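Engineer:
Residue numbers (the working numbering): 901 to 1035.
Structural data, given as structure tokens:
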């Protein structure tokens, strides 16, 4: 067995061609000195994102937001992150803008598919959590 195959087995790399990849998503996984690194698969399909802005209320919890978004979008949700926060100077209401990143591991996502998930997220934020969506 050659060193390539030993490396693949040790780090759980499924395809020998990855060993010559210049993709930073692959290379960055192995920049540490640790021998306990295990390859984490990544999608070869492009990501897309949608931003959502709303006024936070007293019951706001970032963990709850993340859980809700992932419960609706499932494995198509790659990331949910705060990209901006705004405090209204007169009302002192706090607004937040979150970026939801979508990506599939096995196919391209369509605009209709992403828009349907995003619309469902907005609907739940408005009806269940009573957030005022900012336009």
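Note that the Cβ used here is the ideal one computed from N, Cα and C, for glycine as well.
Here the structure is a predicted model, which means the values were calculated and not measured.
Checking 7 Å against the spacing of the C-beta atoms, do residue 942 and residue 1004 come in under that value?
Structural biologist: Not closer than 7 Å, so no.
Engineer: For residue 980, I'd like the list of residues in its chain whose CB is within less than 8 Å of its CB, leaving aside the five on either flank, ordered along the chain.
Structural biologist: Within the same chain, residue 980 has close Cβ partners 965, 966, 969, 970, 998, 999, 1000, 1001.
Engineer: Runs of 3 residues minimum, wholly inside the region 913-956: which ones carry the beta strand (DSSP E) assignment?
Structural biologist: The region 913-956 contains these whole beta strand (DSSP E) runs: 948-955.
Engineer: Can you check DSSP and say which residues form a bridge with residue 999?
Structural biologist: Beta-bridge pairing links residue 999 to 951, 981.
Engineer: Given this structure, state the Cα-to-Cα distance separating residue 959 from residue 948, to the nearest angstrom.
Structural biologist: Each residue's Cα considered, the two are about 29 Å apart.
Engineer: What residues in its chain sit with their C-beta under 8 Å from that of residue 914, if we drop five residues either side in the sequence?
Structural biologist: Closer than 8 Å at Cβ, skipping near neighbours: 908, 939, 941.
Engineer: One question on the structure: do residue 955 and residue 995 come within less than 7 Å of each other, judged by their Cβ atoms?
Structural biologist: Their beta carbons are under 7 Å apart, which means residue 955 touches residue 995 by this criterion.
Engineer: Leaving out the 5 sequence neighbours to the left and right, which residues in its chain are closer than 7 Å to residue 982 when beta-carbon positions are compared?
Structural biologist: Correct list, in chain order: 996, 998.
Engineer: List the whole-angstrom C-beta distance separating residue 918 from residue 930, where the pair is believed to meet the contact cut-off of C-beta under 8 Å.
Structural biologist: Their Cβ separation, rounded to whole angstroms, is 10 Å, which puts residue 918 and residue 930 out of contact at 8 Å.
Engineer: Pick from 920, 1034, 1006, 935: whose alpha carbon is nearest that of residue 987?
Structural biologist: Among 920, 1034, 1006, 935, the Cα nearest to that of residue 987 is on 1034.
Engineer: Name the two residues that bound the continuous beta strand (DSSP E) containing residue 1034.
Structural biologist: Counting along the chain, the beta strand (DSSP E) containing residue 1034 begins and ends at 1032-1034.
Engineer: Among the candidates 1026, 1024, 977, 990, whose CA atom is the shortest distance from the CA of residue 1013?
Structural biologist: Selected option, being the one with the closest Cα: 977.
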